[in-house]
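Following: one structure in structure tokens, then a few remarks.
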Amino acid sequence: MKKLKYSSVVVLILICIFCTFNLALAEDNRKCTDKEYLKKIVYLTFDDGPTNNTLKILKILEEENVKATFFVIGELAKENSDILKQVEGQGHEICIHTYNHKNCIYSSKEEYLEDYNKANKAITDVLGHEPSKFMRMPGGSSTTIGDKGTVRAIRNELCDGGLYYVDWNISIEDALSTNVPVEKLLSTFKKELKKTFIDPNTAIVLMHDGASNSTTPKALPYIIKYFKDNDYEFKNFGDISEEELSHLLNQRQINKYNQPKQTDASN
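Mapping of the sequence shown onto mature numbering (1 follows the signal peptide of the UniProt record, and there is no 0): residues -26 to -1, 1 to 241, in sequence order.
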């Protein structure tokens, strides 16, 4: 009887040790996973090109050895095809923004999709292949240009088609007026960095390379310097990993209203 009791105690002790080891191992694995998500990554994004201002931005990006994502206007892609090819040739990601950036595209889901498909064809004709599966809606996914029901239907249709709509958590507000002074752009950038509701380790910066954004290239070196000084890794949406995509989805910086099963959750 004593031997039986002794054996039972030994078994219980071994079980406890095994469970403790497993818990410690699980905790270590969790910490490793957390570290992955704590990587500091910045995605520089530019809307409304390609234009001559795109060329200025490309020069800076090349000098700084930084990659970015360009959300392109299809109409301008046709007009400035050489610039668009240069964007891709320098290793940047090309995504669809819109064909002509007119507010009327939000009058119906069909109108929006016609514009999107037209932009897709224009860019494909220039590059010889379709652009990225990532895209940006004019005004962002929370736009108030169209009625809520129409915008919701558009978002759902995009996601059903396997696309990812990208928003941002930092904006230098360079599209609020024509050629916003550099000092104003940098002041806005600093204020945006102080927002408490954003993920400090993942920055998606909204900038513009349209014809009326000639001051944006002048502000860009200072913005890049900030992220380099603070040890951010620069990435574009062409080299994003599955883990990074999952993190952006969880943070609702991509497919904001379509979580987690590609079904719009907005009211």
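By construction, the Cβ of each residue, glycine as well, lies at the ideal position given by its N, Cα and C atoms.
- Secondary structure within the stretch 126 to 186: the alpha helix (DSSP H) runs of 4 or more consecutive residues, fully enclosed, are 156 to 167 (chain order).
- With a beta-carbon spacing of about 17 angstroms, residue 67 and residue 201 fall beyond the 8 angstroms limit used to define contacts.
- With a threshold of 16 other beta carbon atoms within 10 Å, residue 64 falls short and is exposed.
- Assignment of beta-bridge partners to residue 46 by DSSP yields 23 and 70.
- By the 16-neighbour rule on beta-carbons within 10 angstroms, residue 191 is buried.
- Contact between residue 34 and residue 209 does not hold, since their C-beta atoms are separated by about 17 angstroms, which reaches or exceeds 8 angstroms.
- Around the beta carbon of residue 220, a 10 Å sphere encloses fewer than 16 other beta carbons of the protein chains shown; the residue is thus reported as exposed.
- Here the stretch 114 to 129 makes contact with the stretch 215 to 231; the two share three or more CB pairs at distances below 8 angstroms.
- The beta carbon of residue 187 sits closer than 6 angstroms to those of 27 and 148, all from its chain and outside the five residues before and after it, given in chain order.
- Under DSSP, residue 18 forms a beta bridge with 179.
- When the beta-carbon positions are compared, residue 19 and residue 181 come within less than 9 angstroms of each other.
- Of the candidates 61, 89, 52 and 225, 52 places its Cα closest to the Cα of residue 98.
- A Cβ-Cβ separation of about 5 angstroms places residue 58 in contact with residue 100 under the 8 angstroms criterion.
- Shown here, residue 104 sits in coil according to DSSP, grouped into three states, outside any helix or strand.
- Cβ atoms of residue 109 and residue 69 come within 8 angstroms of each other, at about 5 angstroms.
- Residue 193 holds the alpha-carbon nearest to the alpha-carbon of residue 31 among 73, 153, 193 and 131.
- DSSP places residue 228 in the strand class (E or B) of the three-state scheme.
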